[in-house]
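According to the numbering used here, the sequence shown is numbered sequentially starting from 401. The beta-carbon is built from N, C-alpha and C at its ideal position, and this holds for glycine as well. Predicted model only: the values in this text are computed from it and were never measured. Beneath this line is the structure, given in structure tokens, with notes to follow.
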Amino acid sequence: MTTPALTLSVRAKRYAARRAMEWLVERLRRDPDRAIDTVLSWGKRFAVAEAHRQQIAELEGAIRKNPVMRQYVRRIALEVHPNQQRGVVFNWFINNVLLGIPVQRALAERLGHEVANLILIDPTEACNLRCKGCWAGEYARHHTMDFELLDRIVAEAKELGIYWIVMSGGEPLVYKRLFDLFAKHQDVAFMAFTNGTLIDDRVADRILEAANFVPCISLEGFRQSTDARRGAGVFDKISAAMDRLKERKLVFGTSVTITRHNVEEITSDAFIDWLIEKGAFFGWSFHYIPIGRDPDVNLTVTPEQREYLVWRVREIRTTKPYLLADFWNDGDYTLGCIAGGRRYFHITASGDVEPCAFAHFSVDNIKDKSLREVLGNPLFRAYQKRQPFNSNHLLPCPIIDNPQALREIVAESGAHPTHPGAETVLQDPIASYLDDVSRRWAERAALIRRRMQETVAEREVAVAATAPCSEEDLEERVLVGGGGDL
401 MTTPALTLSV RAKRYAARRA MEWLVERLRR DPDRAIDTVL SWGKRFAVAE
451 AHRQQIAELE GAIRKNPVMR QYVRRIALEV HPNQQRGVVF NWFINNVLLG
501 IPVQRALAER LGHEVANLIL IDPTEACNLR CKGCWAGEYA RHHTMDFELL
551 DRIVAEAKEL GIYWIVMSGG EPLVYKRLFD LFAKHQDVAF MAFTNGTLID
601 DRVADRILEA ANFVPCISLE GFRQSTDARR GAGVFDKISA AMDRLKERKL
651 VFGTSVTITR HNVEEITSDA FIDWLIEKGA FFGWSFHYIP IGRDPDVNLT
701 VTPEQREYLV WRVREIRTTK PYLLADFWND GDYTLGCIAG GRRYFHITAS
751 GDVEPCAFAH FSVDNIKDKS LREVLGNPLF RAYQKRQPFN SNHLLPCPII
801 DNPQALREIV AESGAHPTHP GAETVLQDPI ASYLDDVSRR WAERAALIRR
851 RMQETVAERE VAVAATAPCS EEDLEERVLV GGGGDL
């Protein structure tokens, strides 16, 4: 039977979009502003679901209200090699967002459970570094996924409308056939969390040739902070790798683990400006979670620091041409936790299917079942029936914000730990610590939510005197802009 992802309608749209993308790449260089408007117009035309059209309209509104967004898109237009403009941008925006999401939604209606938008896969657990507190630090070090299995997962993902595959590990660039995978699935947008130390001139050239792969380089801040966790000399290797990628006009991002020791450094103007100067386009920020190798609760951010991040990250997004995501504080944009197959899930190098990169529990192994089968497993269903885990989306996570939820999910689904020690997140003393810190953050998050709502009301009165504006529009301004003088 022909799958929804391969219907004649989808193929026709993809062909038309490919031709249009060739035209758009040329226009991007000549007139980036008009090209932005053109892309948004196409998005509305290709969108099938009303919710999908609304998302594009919201993006258009954000670009209109935030001049930095146009500056950011100009960076993509002028600083990115045409190969990646055609490859990464096309695959992610056209195949995954415009064409893939409607397929995912239609399948979800039929199957009775969510179909993810992206998959995080570990090709290997091998790594050339031994970073302190690595979330994957307690996985066995000998597992490497067979290429045939990895290829099957990606092929089955496309049948489900999933064209966004993210790699972690271990160190993904250790995997010998990684670029063979990119070449075989040229219609997929690939990204990898990498320590960056293996990106020499040869690897940088291969990334340019592949065109559909974006590295996301992990660091902890400047030299002292990065080398303290990752090893002496790592920061200089990372800096050199960034230079190689920028010289080739390649898109790359960064990944930072936020601890109570580096929270101000990695959000400082100096650090963000340095990343932009080095050529980085975006960054993922992960709050330290006490799991993995030698978990240390003293590295977790305090509730006070987390509140600082709420406002500071939003400020960065309105003042810097650099997109910084904060998974634990960005629940307003994702409507809560995205794990458990709702929007994403994790497959380890041994094949275990986990709900999240930080929740090391499983009931299925991808070696034994198809991708479609594992998406409906009891662990994912237990997640989805509880999502969102909190009505205040500043508390989205079942590990650090609603720890009782994870305990209930594991017990209900019969999930097993995927490595020795994974269960410690459910047990004292870590469980008691998570209960306490989540309670304190819930109290503070309630005050933050109240301030946001009060600001919406105040601005509604002020704006109503000069121009019509919806309450939804006002709330968006608060969330995107961080509340202005707050």
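Check whether residue i and residue j have beta carbons under 9 Å apart
{"i": "Tyr563", "j": "Pro721", "result": "no"}
{"i": "His760", "j": "Pro817", "result": "yes"}
{"i": "Ile521", "j": "Met567", "result": "yes"}
{"i": "Cys797", "j": "Trp728", "result": "yes"}
{"i": "His481", "j": "Leu650", "result": "yes"}
{"i": "Glu812", "j": "Ala831", "result": "no"}
{"i": "Asn466", "j": "Thr718", "result": "yes"}
{"i": "Pro788", "j": "Leu834", "result": "no"}
{"i": "Leu395", "j": "Asn595", "result": "In this structure the chain extends from 401 to 886, so residue 395 is not present and cannot be described."}
{"i": "Leu795", "j": "Ala725", "result": "no"}
{"i": "Thr654", "j": "Gly683", "result": "yes"}
{"i": "Leu549", "j": "Lys767", "result": "yes"}
{"i": "Ile672", "j": "Ile638", "result": "no"}
{"i": "Arg526", "j": "Ile617", "result": "According to the sequence as given, residue 526 is Ala; it is not Arg. Against a cut-off of 9 Å, the Cβ pair of Ile617 and Ala526 comes out as no contact."}
{"i": "Thr667", "j": "Val603", "result": "no"}
{"i": "His793", "j": "Asp732", "result": "yes"}
{"i": "Leu581", "j": "Asp601", "result": "no"}
{"i": "Pro615", "j": "Ala592", "result": "yes"}
DSSP three-state assignment for residue i, whether helix, strand or coil
{"i": "Ala716", "result": "In the sequence under discussion, the amino acid at residue 716 is Ile, which differs from the Ala named in the question. Looking at Ile716 - three-state DSSP - the assignment turns out to be helix."}
{"i": "Asn476", "result": "As written in the sequence, residue 476 is Ile, which differs from the Asn given in the question. Note: Ile476 maps to helix in three-state DSSP."}
{"i": "Phe652", "result": "coil"}
{"i": "Thr748", "result": "coil"}
{"i": "Glu888", "result": "Residue 888 cannot be examined here, being either before or after the span of the chain that is shown, 401 to 886."}
{"i": "Phe671", "result": "helix"}
{"i": "Thr597", "result": "coil"}
{"i": "Phe613", "result": "strand"}
{"i": "Val753", "result": "strand"}
{"i": "Thr438", "result": "helix"}
{"i": "Gly683", "result": "strand"}
{"i": "Thr855", "result": "helix"}
{"i": "Ile658", "result": "strand"}
{"i": "Ala604", "result": "helix"}
Residue-chain proximity (residue i, chain C), Cβ-Cβ < 9 Å
{"i": "Pro721", "result": "Among the chains in the structure shown there is no chain C, since it carries only a single protein chain."}
Continuous alpha helix (DSSP H) stretch holding residue i: start and end
{"i": "Asp627", "result": "Arg623 to Arg630"}
{"i": "Ser639", "result": "Val634 to Glu647"}
{"i": "Val763", "result": "Segment: none, Val763 is in no alpha helix (DSSP H) and carries neither H nor E."}
{"i": "Ile582", "result": "The identity of residue 582 in the sequence shown is Phe, whereas the question assumes Ile. Run containing Phe582: Leu578 to Lys584, per the alpha helix (DSSP H) assignment."}
{"i": "Val774", "result": "Leu771 to Val774"}
Check: residue i C-beta below 8 Å from any heavy atom of the ligand MG
{"i": "Val651", "result": "Here there are no bound small molecules, and the ligand MG is not part of this structure."}
Run of the beta strand (DSSP E) containing residue i, from where it starts to where it stops
{"i": "Leu373", "result": "Coverage of the chain is limited to positions 401 through 886, which leaves residue 373 absent and any answer about it impossible."}
{"i": "Phe789", "result": "It is not in any beta strand (DSSP E) - Phe789 carries neither H nor E in the DSSP assignment."}
{"i": "Gly731", "result": "Careful: Gly731 lies outside any beta strand (DSSP E), inside the alpha helix (DSSP H) at Gly731 to Thr734."}
{"i": "Val574", "result": "Val574 -> no beta strand (DSSP E), and no H or E assigned at all."}
{"i": "Val902", "result": "This structure gives no information on residue 902, because the portion of the chain shown stretches from 401 to 886."}
Count the CB pairs spanning the region 495-509 and the region 659-670 that are closer than 8 Å, and state whether there are at least three.
no
Length at least 3, wholly inside the region 482-561: the beta strand (DSSP E) runs in chain order
Every beta strand (DSSP E) stretch that sits fully inside the region 482-561 and reaches 3 residues is listed by chain position as 518-521.
At least three beta-carbon pairs within less than 8 Å, the region 503-523 to the region 480-488:
no
Per the contact definition of three or more C-beta pairs closer than 8 Å, is the region 641-650 in contact with the region 569-580?
no
Inter-stretch contact (C-beta, 8 Å, three-pair minimum) for the region 695-706 and the region 757-774:
no
If you scan the region 782-851 from start to end, which runs of the alpha helix (DSSP H) of 4 or more residues do you find wholly inside it?
803-813
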